[in-house]
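Student: What follows is a single structure, and I will ask about it in a moment.
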Amino acid sequence: MSPTSTREPSINHGGAGIFPPAGGKGGDGAGGGGSPDFTDRLRRARLGLAVGITPVIMLFVSLTSAYIVRQGLPTLDEKANQYVHDWLPVNLPWLVLLVNTFVLITSSVTMERARRDVARESALAPVRSIPGVSLGQERRFPWLGLTVVLGIMFLFGQWMAWQELEYRGFFLATSPSSSFVYLLTGMHALHLVGGVIALLYAAAITLIDKPVDSRRVVVDVTAWYWHFMAVLWIYIFALLEFAR
Amino acid sequence: MATTVHVHAHAAPQGFIRRYIFSLDHKVIGLQYYFLALTAVFVGMFLSLLMRIHLIWPAAKIPLIGTIQPETYLSLLTMHGTIMVFFVLTTAPQGGFGNYFLPIQIGAPDMAFPVLNMLSFWTTFIAFLVLLAAFLVPGGAPLHGWTGYAPLSALSNAGPGQQLGADLWITSIALFCIASLMGALNFITTTLDLRAKGMTLMRMPLTVWSWFVTAILGLLAFGVLLSAGILLLLDRNLGTSFYVPLVVVNGQVMGHRGGSPLLWQHLFWFFGHPEVYIAILPGMGVTSQLLSTFARKPIFGYRAMVYALMAIGLLGFMVWGHHMFMSGMSPYSAFAFSLMTMSIGVPSAIKTFNWLGTLWGAKIRLQSPMLFAIGFVSLFVSGGLSGPFLAQPVLDIPLHDTYFVVGHFHLIMGVAAIFGIFGATYYWFPKMFGRMMNENLARIHFVITLVGTYAIFMPMHYLGMAGQTRRYSQFTEVAYQTKLIPLQRFITYAAFITISAQLIFLFNLFWSMRKGAKAPDNPWEATTLEWTTATPPPHDNFGGQTPIVNHGPYEYSVPGASRDYIMQTDPATATAH
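From first to last, the protein sequence lines are chains A and B. Reading the first sequence from the start, the letters are residues 7 to 250 in the working numbering. Reading the second sequence from the start, the letters are residues 2 to 578 in the working numbering.
The structure is reproduced here in structure tokens:
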């Protein structure tokens, strides 16, 4: 009878290799940063985001499968008493959606600039704190603010696209296809609103001068979420366009 | 490991509200979950008692409630199922014990995201209130069962409870989904990122493994239920036709057309099957922990146990169709689902074999937690064996709408998981409250509950084979059904006794909290990290220290060691090797 695991495990710091070591209290210079557990916090927040995105993906996977299955499903025509295909392809308001896509991708770029800015700022923070050292007041471009504006522009553009659809006679309950168009774009918009709120929070703590490290964690995680939203939008647009 | 309290970055909050109501401490949140589930389980049991009374005395006048109408019976059925599945079986093992002990067992000071953890509990709490509110609105609680099949669930004029009550039901489920997703996110991040030095994945206690795999299942499953619920709300309130085909209700043609009720079933069961593993896997983890501890032997085949957990979790996502054999699915898909379902028998058998292997030749300490762990194995086997029957379409079709299914899922998902909760309660009570529970009362509780639940649910298999239909409120109208009423009466009597016995547990729980014998730090001589710290654990779990793990979780009776167990934090030299 031998005990379960007396032999020395191959990896000592916990994890199957792909995961960052647990318990090792940061501070090894990577990323620099004032507080010692900063790298831990950043890594944990990123891991949390990666895990948190999973159910969002599952939500859209299930909606996609419902969309595709419904498309191929015949419906009973009560007058002719036979099964007919009643899938009415929705002509998307192309122009508006293309502009929206462009706006969202641009916002993703500005978001990335904001993320890199704050990362650099946090890396330089220890240098800046040395008495007598001055790096000069660089004027920073408000990338974060621009991203918020672009995000709200995108939401407004989606609203315009819905107006256009209604003008063409496609309401939420008009046909199964129009229900799905509103559903998929609406769910995406809802998730994007969450991203905008996170951005506003990040902007708010920038204004009240929280320590740069806390700001970096918030901006960094929001940036990854924002990129995910952009990719998700391109996916939804492609799905609605090419699988009509 | 001696624990001395030092000042730590985590200062314990002052003030009643921050400490006990909106606490960020995973231990307090764990207890909040536990007591929420305890409340819910008594509500759920009360509803089942009303159903049992109605089944054998349909005309009985119950004080304050009056005579139960057939539609009320369906409301009771719906609410009993929903409360038990979501607010008891999902809440207590994972939200309760998982929250309390996962961080401690991996040597972490708290969960990865304490605020999210608090939000998760309070969202669950609100979801519970919203669900209970369905009883109070005009029309009462919904009739569509815990599975909420469309089109019944999608049409507000389909029955008395289908108006506001059904909307509240869906809202409650959606809130519960969001809460569970927040919880799962926390569990996964914590397990991956906050393990103490030396706590490798293969040194984690099997309880932690089971909570971890359960969290992954929840993460993947609850998002799907959420999307299903959103579609249902749209169908009900905004006139879409995702689930509703052209239907006529009470002679009135509804505005919907072209929807597919099967879409709901697919989405629901894609969540629903993993959900039954969400309920049972933590029980498996606790059982493994208890069997090893009280048999004073390492768990037989630790790695096999871990891989079996993963296999059950993975296969759990591929078998949802076996709930839908009755839906007229293609025999080819039915065959595939049937095959996948029966293959779950393999990892389940591995687990059962390893539990028995752990017990084999052991000097068993038959204390109350161990009794419930053995009870779990017994119920898991007897409830599980009817699984392969129902996994076959040819057998499922005649049995599906009968009491056979009721007996099956109550034994394996209901009572087995509850035994896991009981075992965990008796085992961890000393750590949580610093006192021991009364052992004699615990034994009485165990014997009555084990015999009682078998007496309730075993005969249901025979009822089912004899053709007794489930979900029916009365059996007095059809001759062959009437002949089965005596057995139903026996079940009701057994239910009365078993439910009464739970009051012993309740008394023991609250009495021991105040009057129980003082518990030492490690009353069961167990090895995992929660037994190295003070009782009850300080705010940051280890009093300003971080444990260093040198051993696997189940090193009992190691040859050459000075005592018959080696704590995970003992120095590495304590091993004979």
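Cβ coordinates follow ideal geometry from the N, Cα and C atoms, glycine included.
1) Does any residue of chain B have a CB that is nearer than 8 Å to the CB of A/V57?
2) Check B/R436 in the structure and name its three-state DSSP category.
3) Assuming A/D83 is part of the beta strand (DSSP E), what are its boundary residues?
4) For the segment 440-451 of chain B and the segment 368-380 of chain B, state whether three or more C-beta atom pairs, one from each stretch, are separated by less than 8 Å.
5) Any C-beta of chain A sitting closer than 8 Å to the C-beta of B/V225?
6) Listing by chain order, which chain B residues have their CB less than 8 Å from the CB of A/L238?
7) Report yes if the CB atom of B/A496 is closer than 8 Å to the CB atom of B/L117, and no otherwise.
8) Which same chain residues, not among the five before or five after B/P431, have their C-beta less than 7 Å away from its C-beta?
9) Of all the CB atoms in chain B, is at least one closer than 8 Å to the CB of A/G37?
10) Taking the C-alpha atoms as reference points, what is the distance between B/V223 and B/L233?
11) Would you give the residue range spanned by the alpha helix (DSSP H) that A/Y188 belongs to?
12) First and last residue of the alpha helix (DSSP H) that includes B/Y150?
13) Would you mind telling me which residues of chain B sit closer than 7 Å to A/A229, beta carbon to beta carbon, in chain order?
14) Give me the DSSP bridge partner(s) of B/I549.
15) Would you call B/M327 buried or exposed, if buried means 16 or more other Cβ atoms sit within 10 Å of its Cβ?
16) Since B/P71 contacts B/Y150 with CB under 8 Å, what's their CB separation in whole angstroms?
17) According to the neighbour-count rule (16 or more other Cβ atoms, all chains shown, within 10 Å of its Cβ), is B/F405 buried or exposed?
18) Go through the segment 81-157 of chain A residue by residue and report every complete run of the alpha helix (DSSP H) that reaches 4 residues or more, in order.
19) List the residues that DSSP assigns as beta-bridge partners of B/V249.
20) Helix, strand or coil for B/T470? Go by DSSP, reduced to three states.
21) Report buried or exposed for B/A128, applying the criterion of at least 16 other Cβ atoms within 10 angstroms of its Cβ.
22) How about B/F381 and B/T359: are their beta carbons less than 8 Å apart?
23) Helix, strand or coil: how does DSSP classify B/I63 here?
24) Thinking C-alpha only, which one of B/T148, B/S513 and B/Q164 is nearest B/N441?
25) If you run the structure through DSSP and keep just helix, strand and coil, what is A/G39?
26) Listing by chain order, which chain B residues have their CB less than 7 Å from the CB of A/M64?
27) With distance defined between alpha-carbon atoms, name the residue in B/Y555, B/V550 and B/A418 nearest to B/A109.
28) Per DSSP, what kind of secondary structure is B/Y557 in: helix, strand or coil?
29) Could you name the residues of the same chain whose beta carbon sits closer than 6 Å to that of A/Q77, not counting the 5 residues immediately before and after it, in chain order?
30) For B/N439, collect the residues of the same chain with a Cβ closer than 8 Å to its Cβ; drop the 5 residues on either side in sequence, then sort them by chain order.
31) Given that A/P253 touches chain B, what residues does it touch there, using C-beta distances under 7 Å?
32) Let me check understanding here. Comparing Cα to Cα, which of B/F136, B/W210 and B/R20 lies closest to B/I313?
33) Could you tell me whether the segment 202-221 of chain A touches the segment 105-115 of chain A, where touching means 3 or more Cβ pairs closer than 8 Å?
34) Is any beta-carbon of chain A found at less than 8 Å from that of B/T241?
35) Under 8 Å Cβ-Cβ, which residues of chain A neighbour B/S261?
36) Using the rule of at least 16 other Cβ atoms within 10 Å of the residue's Cβ for burial, across every protein chain shown, is B/T68 buried or exposed?
Tutor: With the given structure in hand:
1) Chain B contact via Cβ: present.
2) Here DSSP, grouped into helix, strand and coil, assigns B/R436 to strand.
3) Element bounds for A/D83: T81 to D83.
4) Short answer: they touch.
5) Yes, contact with chain A.
6) Close to A/L238, with beta-carbon spacing below 8 Å, lies no residue of chain B; the smallest spacing is near 14 Å.
7) Going by C-beta atoms, B/A496 is not nearer than 8 Å to B/L117.
8) Cβ contact annotation for B/P431 (same chain, cutoff 7 Å, sequence separation greater than five): M437, A520, P524 and T536, in chain order.
9) Any reading at A/G37 needs caution, since the residue's pLDDT is 36, under 50, leaving its predicted position unreliable; the model's value is listed next. So, not an interface residue.
10) Before going further, note that residue 223 of chain B is Phe rather than Val in the sequence given. Distance between the alpha carbons of B/F223 and B/L233: 15 Å.
11) Segment P182 to L213, the alpha helix (DSSP H) holding A/Y188.
12) Element bounds for B/Y150: n/a, residue is neither H nor E.
13) Those within 7 Å of A/A229 in chain B number zero; the least Cβ separation is about 19 Å.
14) Secondary-structure assignment with DSSP links B/I549 through a beta bridge to B/K198.
15) Answer is exposed; the Cβ neighbour count stays below 16.
16) About 18 Å separates the two Cβ atoms, so there is no contact after all.
17) So B/F405 ends up on the buried side.
18) Fully enclosed alpha helix (DSSP H) runs of 4 or longer: 100-134.
19) In DSSP, B/V249 forms a bridge with B/V254.
20) When DSSP states are grouped into helix, strand and coil, B/T470 belongs to the strand group.
21) B/A128 comes out buried.
22) Contact flag unset, no.
23) Of the three classes helix, strand and coil, the one that applies to B/I63 here is strand, per DSSP.
24) Nearest C-alpha to B/N441 among B/T148, B/S513 and B/Q164: B/S513.
25) For A/G39, the pLDDT reaches just 39, beneath the cut-off of 50, and the residue's location in the model is therefore unreliable, although a value from the coordinates is still provided. DSSP places A/G39 in coil when its eight states are reduced to three.
26) Near A/M64 (Cβ distances below 7 Å), the residues of chain B are L221, G224 and V225.
27) Distances from the CA of B/A109 to each of B/Y555, B/V550 and B/A418 were compared; the closest alpha carbon is that of B/V550.
28) Strand, per DSSP.
29) Correct list, in chain order: W93.
30) Cβ within range, chain order: N509, W512, S513 and G517.
31) An answer regarding residue 253 of chain A cannot be provided, because it is not within the stretch 7 to 250 covered by chain A.
32) Of the listed residues, the one whose Cα sits closest to B/I313 is B/W210.
33) In short, these stretches do not touch, since the Cβ pair count stays below three.
34) Interface with chain A (8 Å Cβ-Cβ cutoff): B/T241 is included.
35) Simply V75, R76 and L79.
36) Burial is judged here by how many other beta carbons sit within 10 angstroms of a residue's own beta carbon; B/T68 has fewer than 16 and is exposed.
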